[in-house]
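One structure below.
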Amino acid sequence: MRVLVAPDKFKGSLTAAQVARWLAHGLAGVGVASRQLPLADGGDGSVDAALAAGFTGHACTVAGATGTPRRAVLAVRGDTVVVEVANTCGLATLPGGRGQPLDASSLGLGQAIRQALRCGPRRVVLALGGSASTDGGMGLLTAFGFRFLDAAGRVLPPSGRALLDIAAIDTAAAVRLPPIDLVVASDVTNPLFGPEGAAAVYGPQKGADSAEVRLLDRGLRHLVEVLSRSGFPESGALAQASGAGSAGGIGFAALLLGARMTSGADFFLDLLDFDRHCAAADLVITGEGCLDAQTEHGKLPVVVARRAGPVPVVAVAGRSELDRTRWGREGFAEIYALSDYTDRDTASDGALSAELLVRIGREIGHSPLSACALSSPDPR
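Position 117, counted from 1, in the sequence shown is what full-length UniProt numbering calls 117; the numbers after and before it change by one each time, with no gaps.
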């Protein structure tokens, strides 16, 4: 039997590569060989997934979420470079892990994109999950030479706090992007501001209280107003575009620079050659930290199941909230959840998660589904 182990990360405990490795270890323990293909959907871990798929790492130094220099990694293969928020200026780069919703910025991502352009790519892919800031992409634009000035003509350092202080924008020294395909791979559909905007929906996850959410939302509106009268009349329409609110408004700034939005899950499955790997498999094992109602709205495991076609798909999760009656409808032949094997919280316990994944791998290898896949004629 040929098994493809193709999971997303278990956020908080294991990377996608670790999840794949421990499941494969369990399968091997009962004599089942497998191929590992760690996946991503444009969230944090996208660079790691690309590296596991054969991309080459390219190190660079950028500003973390609060400006502290840090080492980041880009993933390069041929004419494509993958850059992610998470390892440049995301939540993981916050000092002490404490949210700073008003002071974090997207400057580091802009610096990483500038570094990526030195590789001479035709395509730069932006993975926007795990962001720490709600600055409307002010930091990203600053890295491209935009100067945001206050009423006294002083240059403002980028942050969510600074948005309301912007009086003018100087683009005389702005860097023009070369003719490349700038891709935002994200499944976030929120606009930049408003009740469904970046601040209102995601600000609390970054540590913003209700007063800070209101301040940030007003700041995002103000940013668009100033851009509109500073030579960017399309700003208002772009702010309402699907995905403009992704990563605290980085999606909006990327659109302003000419980026295109695409589904993160489908895009990364293409980028990582999922269909080719799946074509050689009798069984696919996928998964993520939690299978829930959001999973049903196009998150990676469901997209994997849809793309696998006639190949049966087993999902493994930290916990599953999907009713058994919906498993087949979403394309899953079986679902295994770590929470069914322990009363302990596995979400932040990598060692326990690994132990249980090995056990589940063995169970899948011994399951009737595996025996069926082994004995069935090749659907290809």
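Built from N, CA and C at the ideal position, the CB exists for glycine as well.
Would you give the residue range spanned by the alpha helix (DSSP H) that Asp-48 belongs to?
46-52
Put Ala-337 into one of helix, strand or coil per three-state DSSP.
strand
For Ala-315, which residues in the same chain have their Cβ closer than 7 Å to its Cβ, ignoring the five residues on either side in sequence?
Thr-286, Gly-287, Leu-291, Pro-301, Phe-332 and Ile-335
List the endpoints of the continuous beta strand (DSSP E) containing Gln-36.
34-36
Mapping the DSSP letters down to three states, classify Ala-104 as helix, strand or coil.
Coil, per DSSP.
Is Ser-210 helix, strand or coil when you go by DSSP?
helix
Candidates Arg-326, Gly-318 and Pro-312: which alpha carbon is nearest Ser-367's?
Pro-312
May I ask you to list the residues that DSSP assigns as paired with Phe-148?
Ile-169
Along the chain, where does the beta strand (DSSP E) that runs through Asp-181 open and close?
181-185
Short check: CB of Ser-159 to CB of Asp-181, under 7 Å?
no
Sorted by chain position, which residues of the same chain lie with C-beta nearer than 6 Å to Val-30's C-beta, five sequence neighbours on each side aside?
Arg-362, Gly-365 and His-366
Where does Ser-133 land, buried or exposed, given buried means 16+ other C-beta within 10 angstroms?
buried
Between which two residues does the beta strand (DSSP E) containing Ala-63 stretch?
56-63
Taking just the CA atoms, how far does Ser-131 sit from Pro-95?
14 Å
Please report the distance separating the alpha-carbon of Val-82 from that of Ser-106.
16 Å
If you follow the alpha helix (DSSP H) that Leu-357 is in, where does it begin and where does it stop?
Unbroken alpha helix (DSSP H) run through Leu-357: 350-366.
If you draw a straight line from the alpha carbon of Asp-270 to that of His-277, how long is it in whole angstroms?
11 Å
When the Cα of Met-1 is compared with those of Glu-321, Trp-327, Val-284 and Ala-337, which residue comes out closest?
Val-284
Quick check: the Cα distance between Ala-199 and Ser-235, rounded to an integer number of angstroms?
The straight-line gap from Cα to Cα measures roughly 18 Å.
Would you identify the three-state DSSP class for Ser-375, choosing helix, strand or coil?
Any answer about Ser-375 is weak, because its pLDDT of 49 lies below 50 and its placement is not dependable; what the coordinates show is given next. Ser-375: helix per DSSP, three-state reduction.
Rounding to the nearest angstrom, what Cα-Cα distance links Glu-196 and Gly-243 in this structure?
Near 11 Å, if we compare the C-alpha coordinates of Gly-243 and Glu-196.
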